[in-house]
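K.L.:
Using this note's numbering, you'd call the opening residue of the sequence shown number 51 and step up by one each time.
Backbone N, C-alpha and C define an ideal beta-carbon position, used for all residues, glycine too.
Quantities reported herein were computed from a predicted structural model and do not represent experimental measurements.
I have a structure here, written as structure tokens, and I will follow up with some questions on it.
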Amino acid sequence: MLPVLAAVWSLLAVAFLAALLLLRAPAWRSDGRGGVSDLFHELIRYGKTRPPGWSLYYLVPKSWFTHFYVVSVVWNGSLLYWLFRAEFLGESLPSWIQDMHRALGRDSQNEDMADSEHFSALLVLLFLWLHSCRRLAECLWTSVFSNGFIHIVQYYYGLGFYIAVGSTVLCQVPTNVRTGKELSVQICWYHIVGITMYIWASLHQHRCLVILAKLRKNKSGKVVRLGYDVPFGDWFESVSCPHYFAELLIYVSMAIMLGFQNVTWWCVVMCVLFNQALAAVLSHEFYEKNFRSYPKHRKAFIPHVF
Ligand SMILES: NC(=O)c1ccc[n+]([C@@H]2O[C@H](COP(=O)([O-])OP(=O)(O)OC[C@H]3O[C@@H](n4cnc5c(N)ncnc54)[C@H](OP(=O)(O)O)[C@@H]3O)[C@@H](O)[C@H]2O)c1
Numbered sequence: 051m052l053p054v055l056a057a058v059w060s061l062l063a064v065a066f067l068a069a070l071l072l073l074r075a076p077a078w079r080s081d082g083r084g085g086v087s088d089l090f091h092e093l094i095r096y097g098k099t100r101p102p103g104w105s106l107y108y109l110v111p112k113s114w115f116t117h118f119y120v121v122s123v124v125w126n127g128s129l130l131y132w133l134f135r136a137e138f139l140g141e142s143l144p145s146w147i148q149d150m151h152r153a154l155g156r157d158s159q160n161e162d163m164a165d166s167e168h169f170s171a172l173l174v175l176l177f178l179w180l181h182s183c184r185r186l187a188e189c190l191w192t193s194v195f196s197n198g199f200i201h202i203v204q205y206y207y208g209l210g211f212y213i214a215v216g217s218t219v220l221c222q223v224p225t226n227v228r229t230g231k232e233l234s235v236q237i238c239w240y241h242i243v244g245i246t247m248y249i250w251a252s253l254h255q256h257r258c259l260v261i262l263a264k265l266r267k268n269k270s271g272k273v274v275r276l277g278y279d280v281p282f283g284d285w286f287e288s289v290s291c292p293h294y295f296a297e298l299l300i301y302v303s304m305a306i307m308l309g310f311q312n313v314t315w316w317c318v319v320m321c322v323l324f325n326q327a328l329a330a331v332l333s334h335e336f337y338e339k340n341f342r343s344y345p346k347h348r349k350a351f352i353p354h355v356f
């Protein structure tokens with residue numbers, strides 16, 4: 051385990067869990083008259099769950115979600131390139147990455163890692179990059195954004211998240227990756243299970259984002275409205291936010307690819323779990339409040355559970 055990274059991800063997870071619990075407290079319900087509870091709601095709501103008429107300060111368009119994936123494709127693509135060269139060509143990682151490794155406590159870790167563990171880290175970085183490429187393509191060509199907003203703090207969190215998540219994967223390998231030796235690929239059963247789950251969750255996430263986009267298009271695919279409607283089909287039959295549930299499964303699939311026992315990565319999974327649960331609860335409340343005939347059996351986030 052890398053204590054600094056695990057502590058940072060755990061703190062974020064606790065912050066999102068606390069926000070989720072505070073939502074239930076009457077004193078923290080926003081009354082639109084200013085104060086700490088309104089600031090809290092400003093920071094956790096975005097897009098459709100941000101009531102119209104709220105302060106327009108410190109906001110950026112929600113379509114700027116696209117920037118998260120541009121940054122992720124470039125940053126995590128570069129990390130993947132350097133890790134690939136280090137693993138297969140025996141090259142050293144750039145010196146600034148080695149400095150980052152040391153700053154995050156990697157140096158004090160046991161440097162004696164099995165080839166299968168090296169392969170796991172490479173695989174997770176590859177699939178994180180592929181996930182970012184797909185999400186970028188969806189932001190550019192699938193999703194239909196309205197004129198909703200996100201808070202500037204949420205925007206910087208999103209940019210930081212994708213830089214931190216790839217760096218966390220890279221820190222799973224020793225600073226001097228292979229000290230001149232080339233990696234011999236060792237595929238394990240948990241790699242196969244993780245990749246299968248990743249593909250399954252990604253397919254459903256894509257289908258659900260297509261369903262949301264179609265709510266704003268006519269039969270010939272032309273965008274005809276920018277309002278919100280009740281989505282049906284695929285995992286929407288069970289939960290209000292299946293794309294958030296799929297996101298959680300994608301991060302769990304990476305924990306599986308890392309062999310189940312990487313504590314630092316499970317802290318990342320916890321952060322994604324509570325972050326997406328918070329957004330799902332707010333969306334679920336939005337649907338129940340705005341659509342009288344909203345299906346009663348639908349849960350917010352995890353089918354049959356919550
Ligand atoms: N890993 C993480 O920490 C993390 C964090 C956040 C998001 N994500 C992922 O990023 C993806 C997008 O997240 P998001 O929060 O932007 O999802 P979202 O709010 O559901 O929005 C997705 C798209 O669907 C539209 N939309 C949403 N509900 C709609 C409805 N009822 N009727 C018509 N259109 C609707 C949105 O338009 P508007 O422009 O009007 O909103 C947007 O274009 C998800 O897959 C999520 O898992 C990951």
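Could you tell me the alpha carbon to alpha carbon distance between Ile306 and Glu232, rounded to whole angstroms?
P.N.:
Each residue's alpha carbon lies about 24 Å from the other.
K.L.:
CB-CB under 8 Å to Leu139, same chain, minus the five flanking residues each way: which ones, in chain order?
P.N.:
Cβ neighbours of Leu139 beyond the five flanking positions: Glu232.
K.L.:
Taking 7 Å as the cut-off, is the C-beta of Pro76 nearer than that to any heavy atom in ligand 1?
P.N.:
No, ligand 1 has no heavy atom inside 7 Å of this Cβ.
K.L.:
Return helix, strand or coil for Ile306, following the three-state DSSP convention.
P.N.:
Looking at Ile306 - three-state DSSP - the assignment turns out to be helix.
K.L.:
How about Thr225 and His151: do their beta carbons lie closer than 8 Å?
P.N.:
Yes. Within cutoff.
K.L.:
Nearest-angstrom Cα distance between Trp59 and Ser270?
P.N.:
So the two alpha carbons sit approximately 44 Å from each other.
K.L.:
If you run the structure through DSSP and keep just helix, strand and coil, what is Lys264?
P.N.:
The answer is helix: DSSP assigns Lys264 an H, G or I state.
K.L.:
Helix, strand or coil: how does DSSP classify Lys272 here?
P.N.:
Lys272: coil per DSSP, three-state reduction.
K.L.:
What is the DSSP secondary structure of Lys339, reduced to helix, strand or coil?
P.N.:
In this structure, Lys339 counts as helix in the three-state DSSP scheme.
K.L.:
Give me the DSSP bridge partner(s) of Val110.
P.N.:
Note: Val110 sits in a beta bridge opposite Ile200.
K.L.:
Counting only the same chain and skipping the five closest in sequence on each side, list residues whose C-beta sits under 6 Å from that of Leu67.
P.N.:
Only Phe324 meet the Cβ criterion.
K.L.:
Would you kindly report the start and end of the unbroken alpha helix (DSSP H) that includes Gly127?
P.N.:
Run containing Gly127: 115–139, per the alpha helix (DSSP H) assignment.
K.L.:
Within 10 Å of its beta-carbon, does Leu106 have 16 or more other beta-carbons around it, so buried, or fewer, so exposed?
P.N.:
Leu106 is exposed by the Cβ-count criterion.
K.L.:
Rounded to the nearest angstrom, how far is the Cβ of Leu55 from that of Cys321, given a contact under 8 Å?
P.N.:
With a Cβ gap of about 11 Å, Leu55 and Cys321 do not count as contacting.
K.L.:
Can you have a look at Val64 and say buried or exposed, based on whether 16 or more other CB atoms are within 10 angstroms of its CB?
P.N.:
Exposed, because fewer than 16 other Cβ atoms sit within 10 Å of the Cβ of Val64.
K.L.:
Who are Lys349's beta bridge partners in DSSP?
P.N.:
Val289, per the DSSP bridge assignment.
K.L.:
Say whether the segment 124–134 touches the segment 195–207, bearing in mind that this needs 3 or more beta-carbon pairs closer than 8 Å, one atom from each stretch.
P.N.:
Verdict: no, contact absent.
K.L.:
Does the Cβ of Ser290 have 16 or more other Cβ atoms within 10 Å, making it buried, or fewer, making it exposed?
P.N.:
The residue is buried, with at least 16 neighbouring Cβ atoms inside 10 Å.
K.L.:
Taking buried to mean at least 16 other C-beta atoms within 10 Å of its own C-beta, is Ser145 buried or exposed?
P.N.:
Exposed: under 16 other Cβ atoms inside 10 Å.
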